[in-house]
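Undergrad: Mind the numbering: the sequence shown is residues 1021 to 1158 in my numbering, read in order.
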Amino acid sequence: MKTDKTDSKMKKDVESKMRTGAGVFADTINELGISYLFGHTGGAIMPMYVELNERLKRQEKTPEVIMFRHEQGAGHAAEGYAKISGRPGFVCVTSGPASTNIVTPIADAFMDSIPVIFVTGQVSSPGIGTDAFQEVPI
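This is the structure we're talking about:
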């Protein structure tokens, strides 16, 4: 016979095994050996930054986050990092205007064959195609 205590423990076990998209993302960039993340925060990408911050508080492995006041600066800094280190730069920004602000660094990295990974947030699934706040179909 199950008790409330047993149900509570089972529920907690299931919840502890559930992974969020932000958790999968953080695991993936760690597995790829990303050491530095160049970025700018914003609504759609905040769960990822929160996840990295939580891992940092728990003293888990996480890339060093270098915040910029403008997305374009983050993109160009990642290019510079890639040029001097020989490792891919990694840029992470939010959706909408932030994604359009990295178009120049994307083009520059492409034209000069500089290895940079660019990641942007996205509006929630129900908002796609509805002209939702900060939706830019890139």
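Positions of the beta carbon are idealized from the N, C-alpha and C atoms, including for glycine.
Are the CB atoms of E1091 and I1134 within a distance shorter than 8 Å?
TA: No, the Cβ-Cβ distance between I1134 and E1091 is not below 8 Å.
Undergrad: Around the C-beta of S1105, are 16 or more other C-beta atoms found within 10 angstroms, so that it is buried, or is it exposed?
TA: Its Cβ having fewer than 16 others within 10 Å, S1105 is exposed.
Undergrad: Can you give me the Cβ contacts of E1071 inside the same chain, cut-off strictly under 8 Å, excluding the 5 residues immediately before and after it?
TA: T1040, A1042, G1043, F1045, A1046.
Undergrad: Taking the C-alpha atoms as reference points, what is the distance between A1102 and A1129?
TA: Cα to Cα, A1102 sits roughly 10 Å from A1129.
Undergrad: Over the uninterrupted alpha helix (DSSP H) stretch that includes E1071, give me the two end residues.
TA: It spans 1066-1077 - the alpha helix (DSSP H) in which E1071 sits, taken as one unbroken run.
Undergrad: Taking DSSP as the reference, what is the three-state secondary structure of E1084?
TA: It is a strand residue.
Undergrad: Classify M1131: buried if its beta carbon has 16 or more other beta carbons within 10 angstroms, exposed otherwise.
TA: Looking at its Cβ environment, which holds fewer than 16 other Cβ atoms inside 10 Å, M1131 is exposed.
Undergrad: For S1115, which of S1055, M1038, I1049, G1063 has the nearest alpha-carbon?
TA: It is G1063.
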